[in-house]
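Peer 1: Structure provided below as structure tokens; questions to follow.
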Amino acid sequence: MTPPAPAPLLRVENLRTYFHTPGGLARAVDGVSFSMARGETVGVVGESGCGKSVTALSLLRLVQPPGRIEEGSRIWFEGRDLMTLAPEEIRQVRGNRIAMVFQEPMTALNPVFTVGDQIAEVARVHDGASRRAAWERAIEMLSLVGIPSPRERASHYPHQLSGGMRQRVLIAMALVMNPALLIADEPTTALDVTIQAQILELLARVQAQFGTAILLITHDLGVVAEAATRVLVMYGGQVVEEAPVRTLFAAPAHPYTRGLMQAMPRVGMARERLVTIPGSVPPPTAWPTGCRFRDRCGSAFDRCAREAPTLVALDAAHAARCHLAEGAASGAPSGAASGVPSGAAPPRTARPL
Amino acid sequence: MADTPAVAALAIPDPSARTATLSALPLRRAVRALWDDRAARAAIAFVALLVGAALLAPLVAPYDPLRPLDAVALRGVAPSRSHWFGTDLLSRDVFSRVVYGARVSLAVSVLSALLAAVVGLCYGGVAGFAGGRVDATMMRLVDALLAIPRVLLLLTVVSLWRAVDLGALVLLMGLTGWLAVARLARSEAAALRTREFVVAARALGLSPARIFVRHVLPHLAGPVLVAATIAMGHVVVLEAGLSFLGVGVADPTPTWGNIIRDGRETIASTWWLTLFPGLTLVGTALATNTLADRLRSALNPRQLPAP
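Read top to bottom, the protein sequences are chains Z and F. Letter by letter, the first sequence follows residues -5 to 347 in this note's numbering. Letter by letter, the second sequence follows residues 10 to 316 in this note's numbering.
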């Protein structure tokens, strides 16, 4: 197979990550495909257990046994298929061309080293920087992510910093090598709301300054609305809807997306109770046959049990994995079927799920 | 799937307000916690006393531990002001022998515990960090070796060897003592492997060797220190046991086990030959176990102040 023509920064094709557990085969990520351009922010949303984090880990081939990325999955990044790289080669990509920021700033830092030491380590590993040069680089990075008196802070231990500051330190570590892609796995989930906004602002500033593409994984639609330009909605290890952020909020095409939106409080809302999606995500060892969302879907009909829907293109940038969307694609213009008032500005909320 | 529900740190108005309220290093904090505990302090004092006596044995011991003083007049004399622990059947001063015996016992126990700790730390750490089949194979070997009773193994090897010098004894004790340490190190390393900062280190492109040395080993140090302290207590008792059975350190050299053995046939009349070295032995074992126990809680990372 010849590499495709140079185009997007990242193109994931049919990514399947299965966990071969004693309790059965868990298809945590099952046929995910998407692409990202340079400097773009793509949001990935969905409930817990729908495969967002495993997708993120798979991109860097960090999935640990019993998890395995199956044959036929392709991750094209800067013209190379990451799946074919040798262990040393993929290590050259990690932290260097693709970096990752984790959810829990409490636990993602090693408690026994100073934060400066941990940032400097990245420069030492990837740049072969000397101890002194790496330390200076760490201080530079700390000031870049907006930590006051960075020289002093560099010699502090993680437990001496607040959650927001630790998340800044993690972002600093990720940015040391100026990666082309930053994967942020729930970067604001563990933080309180005012700090969340600061961290999102920081990410936006970094992107504007360095042209970093950001894959923003979150279960918070408010975060997506604020930060992303394009959104992937995931359910059951699959992408169920993909759309530019405005289109998604104006005309969500998948019942799951609509459910997520109804479960989100919005400014000026008169209703007291939020509508929830009934039930919870089924275990990945036993996805329902046919459509994986059907037993929680209000619009399910007999075809949903028989036949798994495919991702249907509604227009150039909008696609949904739903039998109803098929009808909408061929018949009425998209958006008309939406139950959500269109034109409303994407609301800013605290975590709705 | 790390989508755990959000544990929001509520109400932190100003991030810079939470500055260094706890500036002490984890180790310093552990030492302080240890010193604040009365039992730990007593254990430290006892061990310090022993170590001091062993180091300064020529100054502390009033007599030569090897030379019979007076085979007729001072044969098996009960404790008195001039012979605190009495004399043995060869008219040697028991107190001097106990003091010099501390040298052997402590040296053997410290060195072999160190050996056991290093071997166990590396072996168990690698197994736990590697995981999977490597881990299973390596630990199966440990299980198999653990099935052989240590005393039996030591007795067999030592009696094949005839005379055992101290170096060989250290080697034997160390190489039979690392299994417990390895198991502990293995379980700690296996738990560390899935900790988020280790995953984060992998995501930053660090090599497995570097992650092991920098992010796994330092976290194993605490638990292994505890295990090594326990191992020290074991070795003291075990060495005395071997000496008592006559297969340990050869006779003229005083060890606690040797002294007890010298008095075993006349225990009814020369009780001091059993009592004093026995008490020292029990005290040492008790002190090291107490120390290990308190170290464990002092080093417990869960007792670090949560921010």
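We put the CB at the ideal spot given by N, CA and C, even for glycine.
Can the beta-carbon of Leu176 of chain Z be found less than 8 Å from the beta-carbon of Ile211 of chain Z?
Peer 2: Cβ atoms of Leu176 of chain Z and Ile211 of chain Z: not closer than 8 Å.
Peer 1: Using the Cα positions of Leu304 of chain F and Thr238 of chain F, report the straight-line distance between them to the nearest angstrom.
Peer 2: Going from the Cα of Leu304 of chain F to the Cα of Thr238 of chain F covers about 9 Å.
Peer 1: Give the straight-line distance between the Cα atoms of Ala313 of chain Z and Leu242 of chain Z, rounded to the nearest whole angstrom.
Peer 2: Their Cα atoms are separated by approximately 10 Å.
Peer 1: Would you list the residues sitting across from Gly61 of chain Z in a DSSP beta bridge?
Peer 2: Gly61 of chain Z is bridged to Z:Phe13.
Peer 1: Thinking C-beta only, is Trp265 of chain F closer than 8 Å to Thr283 of chain F?
Peer 2: No. Outside cutoff.
Peer 1: Can you pull the chain F neighbours of Gly89 of chain Z, defined as C-beta to C-beta under 7 Å?
Peer 2: Neighbours of Gly89 of chain Z on chain F, chain order: Ala212, Leu213 and Gly214.
Peer 1: Quick check: what's the CA-CA separation for Ala307 of chain F versus Tyr12 of chain Z?
Peer 2: Approximately 42 Å, taken between the alpha carbons.
Peer 1: Starting from Gln232 of chain Z and walking both ways along the beta strand (DSSP E), at which residues does that stretch end?
Peer 2: Counting along the chain, the beta strand (DSSP E) containing Gln232 of chain Z begins and ends at Gln232 to Pro238.
Peer 1: What residues from chain F crowd round Ala102 of chain Z, counting only those whose CB sits closer than 7 Å?
Peer 2: Glu205, Phe206 and Ala209, listed in chain order.
Peer 1: For the alpha helix (DSSP H) that contains Arg149 of chain F, what are its first and last residues?
Peer 2: Run containing Arg149 of chain F: Gly141 to Leu155, per the alpha helix (DSSP H) assignment.
Peer 1: Residues in its own chain within less than 7 Å of Gln154 of chain Z by CB, not counting five upstream and five downstream?
Peer 2: Contacts found: none.
Peer 1: What span of residues does the beta strand (DSSP E) with Thr35 of chain Z cover, start to end?
Peer 2: Segment Thr35 to Val39, the beta strand (DSSP E) holding Thr35 of chain Z.
Peer 1: So which residues of chain Z does Gly141 of chain F contact, with C-beta pairs closer than 8 Å?
Peer 2: Result: Pro59.
Peer 1: So that I know if they touch, is there some Cβ in chain F lying closer than 8 Å to that of Gln86 of chain Z?
Peer 2: Yes - at least one Cβ of chain F is within 8 Å of the one on Gln86 of chain Z.
Peer 1: For Arg224 of chain Z, which option in Z:Trp70, Z:Asp111 and Z:Phe28 has the closest C-alpha, if you only look at C-alpha atoms?
Peer 2: Nearest C-alpha to Arg224 of chain Z: Z:Phe28.
Peer 1: Tell me the DSSP secondary structure of Ala326 of chain Z in three-state form.
Peer 2: No answer about Ala326 of chain Z holds up, because its pLDDT of 42 lies below 50 and its placement is not dependable.
Peer 1: Please confirm whether Glu98 of chain Z has its beta-carbon closer than 8 Å to some beta-carbon of chain F.
Peer 2: For Glu98 of chain Z, the answer is yes, since a Cβ of chain F falls inside 8 Å of its Cβ.
Peer 1: Distance check for Ala22 of chain Z and Val275 of chain Z, CA to CA, integer angstroms please.
Peer 2: Computed Cα separation, rounded: 12 Å.
Peer 1: Just checking my contact of Gln97 of chain Z with Ala221 of chain Z at CB under 8 Å: how many whole Å lie between their CB atoms?
Peer 2: Actually they are not in contact, since the Cβ atoms of Gln97 of chain Z and Ala221 of chain Z sit about 16 Å apart, beyond 8 Å.
Peer 1: Output yes if chain F places a C-beta closer than 8 Å to the C-beta of Val119 of chain Z; else output no.
Peer 2: Closer than 8 Å: yes.
Peer 1: What is the residue span of the alpha helix (DSSP H) that Leu226 of chain Z lies within?
Peer 2: Here Leu226 of chain Z belongs to no alpha helix (DSSP H); instead the beta strand (DSSP E) covers Arg224 to Tyr229.
Peer 1: Output yes if chain F places a C-beta closer than 8 Å to the C-beta of Val163 of chain Z; else output no.
Peer 2: It does not; no Cβ of chain F falls within 8 Å.
Peer 1: How would you call Arg131 of chain Z, buried or exposed, if buried means at least 16 neighbouring beta carbons within 10 angstroms?
Peer 2: When all chains shown are included, Arg131 of chain Z counts as buried.
Peer 1: Determine the DSSP secondary structure at Thr297 of chain F, reduced to helix, strand or coil.
Peer 2: If DSSP states are grouped into helix, strand and coil, Thr297 of chain F belongs with the helices.
Peer 1: Would Gly133 of chain F and Ala51 of chain F qualify as a contact pair, given that the criterion is a beta-carbon distance under 8 Å?
Peer 2: No. Outside cutoff.
Peer 1: Locate the alpha helix (DSSP H) running through Phe71 of chain Z, then write down its first and last residues.
Peer 2: Not the alpha helix (DSSP H): Phe71 of chain Z falls in the beta strand (DSSP E), residues Arg68 to Phe71.
Peer 1: Cβ of Val218 of chain Z less than 8 Å from any chain F Cβ?
Peer 2: Closer than 8 Å: no.
Peer 1: Taking the alpha-carbon positions, what's the Thr297 of chain F to Ala54 of chain F distance?
Peer 2: C-alpha separation (whole angstroms): 11 Å.
Peer 1: For Phe285 of chain F, which of helix, strand or coil comes out of DSSP?
Peer 2: Correct three-state label for Phe285 of chain F: helix.
Peer 1: Below 9 Å on C-beta distance, what does Leu254 of chain Z contact in chain F?
Peer 2: Those within 9 Å of Leu254 of chain Z in chain F number zero; the least Cβ separation is about 14 Å.
Peer 1: Would you grab the beta carbon distance between Gly214 of chain F and Arg118 of chain Z for me? Rounded to a whole angstrom, and I think it's under 8 Å.
Peer 2: Going by Cβ atoms, the distance from Gly214 of chain F to Arg118 of chain Z rounds to 11 Å, so no, they are not a contact pair.
Peer 1: Closer than 8 Å by C-beta to Leu154 of chain F: which residues in its own chain qualify, once you throw out the five before and the five after it? Chain order, please.
Peer 2: The residues are Leu188.
Peer 1: Who does Ser29 of chain Z pair with in a DSSP beta bridge?
Peer 2: Partner(s): Z:Arg5.
Peer 1: Could you confirm whether any beta carbon from chain F is found closer than 8 Å to the beta carbon of Leu209 of chain Z?
Peer 2: For Leu209 of chain Z, the answer is no, since every Cβ of chain F falls outside 8 Å of its Cβ.
Peer 1: Between the alpha carbons of Arg10 of chain Z and Glu64 of chain Z, how many angstroms are there, rounded?
Peer 2: Whole-angstrom Cα-Cα distance: 6 Å.
Peer 1: Run down chain F in chain order and give the residues with a C-beta less than 7 Å from the C-beta of Leu54 of chain Z.
Peer 2: By Cβ distance, chain F contributes Ala212.
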